[in-house]
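Per my numbering, the very first residue in the sequence shown carries number 44; after that it's consecutive. Glycine is no exception: its CB is placed at the ideal position from the N, C-alpha and C atoms. Please read these numbers as outputs of a predicted model, since none were measured by experiment.
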Amino acid sequence: MRNCSPSSILCAAVATLTIAVAAVHPALAQELLDVTARFEVPLPRAKGETRNATDRPPAAIWLKPLESAHTPARDTPRTYTLLQKNKKFSPHVLVVPVGSVVQFPNADPFFHNVFSQFDVRRFDLGLYEAGSTRGVTFGKEGISYIFCNIHPEMSAVVIALFTPFNAVGDPLGAFRIQNVPPDDYLLQVWVQGADPADLKALARRVHISPGHTDLGVISLSRPPHPSSSHTNKYGKDYDTREPSIY
């Protein structure tokens with residue numbers, strides 16, 4: 044080759060290789076996008092109910108990839124933490140990849156007993172003391188509602204998903220899902236206290252591309268139910284007389 048420096052030959056080879064890789068794996072040549080949405084809650088209509096227009100219950104959204112030539116790999120299971128402190132779970136809503144382990148450390152100076160009786164993941168960690176922790180593997184996709192058998196005010200939600208494209212709403216009702224490849228997806232929504240039929244109605248097919256990254260306003264057709272009381276792990280009402288050892 045005439046008038047070809049080693050550097051120009053190297054650049055040409057790299058360019059050729061890049062084109063070849065992109066041809067074989069189109070997803071590698073795509074721009075990853077940030078997808079946004081906003082969540083609004085209708086004001087209560089029933090007499091006696093009150094809610095400020097800015098009050099929003101916990102909510103999450105996720106994008107489930109539809110059939111395509113380059114469906115993204117499932118997210119890798121990892122270990123997460125749901126801290127128990129001041130008789131609260133933190134965070135209240137935790138989204139994890141299916142197969143992940145969630146640790147429930149007890150940072151309070153008294154006992155806790157974490158349990159869930161929902162079909163997605165039924166478990167009972169038993170009574171354990173301050174400074175100790177116990178874990179649970181969430182091996183099935185779905186939503187698990189978590190409680191403490193001693194303290195009825197404690198509750199949390201674990202959402203196990205195969206898709207890595209998910210987000211929990213912030214206090215202002217904003218969602219941001221990062222690093223989403225352009226493609227067609229099924230948008231699914233969870234809102235605490237919402238009727239399952241209302242959530243099913245919010246599911247829809249969406250097309251994500253550089254010009255279509257804002258999913259707009261997600262709004263329920265009616266207000267979600269306020270947080271209701273629940274029974275203990277035996278299906279009975281809580282004994283509000285807390286023993287001194289707890």
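DSSP places aspartate 241 within a helical segment (H, G or I) once states are collapsed to three. Counting along the chain, the unbroken beta strand (DSSP E) around threonine 122 starts and ends at 122-124. In the three-state scheme derived from DSSP, where H, G and I count as helix and E and B as strand, proline 207 is classed as coil. Aspartate 151 counts as buried, since no fewer than 16 other beta carbons sit within 10 angstroms of its beta carbon. Between phenylalanine 181 and serine 143, the beta carbon gap of about 6 Å places them in contact (Cβ cut-off 8 Å). Rounded to whole angstroms, the separation of the alpha carbons of serine 270 and valine 136 is 14 Å. Counting only runs of 3 or more residues that sit fully inside the stretch 174-207, the beta strand (DSSP E) segments are 178-181, 185-191 and 198-204, in chain order. The stretch 114-133 makes contact with the stretch 196-210, as at least three CB pairs between them are under 8 Å.
In this structure, leucine 263 lies near leucine 245, with their beta-carbon atoms less than 9 Å apart. Three or more beta-carbon pairs separated by less than 8 Å are not found between the stretch 158-176 and the stretch 250-264, which leaves the two stretches without contact. A contact between stretches requires three or more CB pairs, one per stretch, nearer than 8 Å, and the stretch 212-222 fails this requirement with the stretch 235-245.
Spanning the alpha carbons of glycine 212 and alanine 173 requires a straight line of approximately 31 Å. With at least 16 other beta carbons inside 10 angstroms of its own, proline 267 counts as buried.
Per DSSP, proline 214 is not a residue of any beta strand (DSSP E), being assigned neither H nor E. Listed in chain order, the non-local C-beta contacts of valine 139 below 7 Å within the same chain comprise Tyr123, Val145, Phe181, Val201 and Ala203, local neighbours out to five positions each way being set aside.
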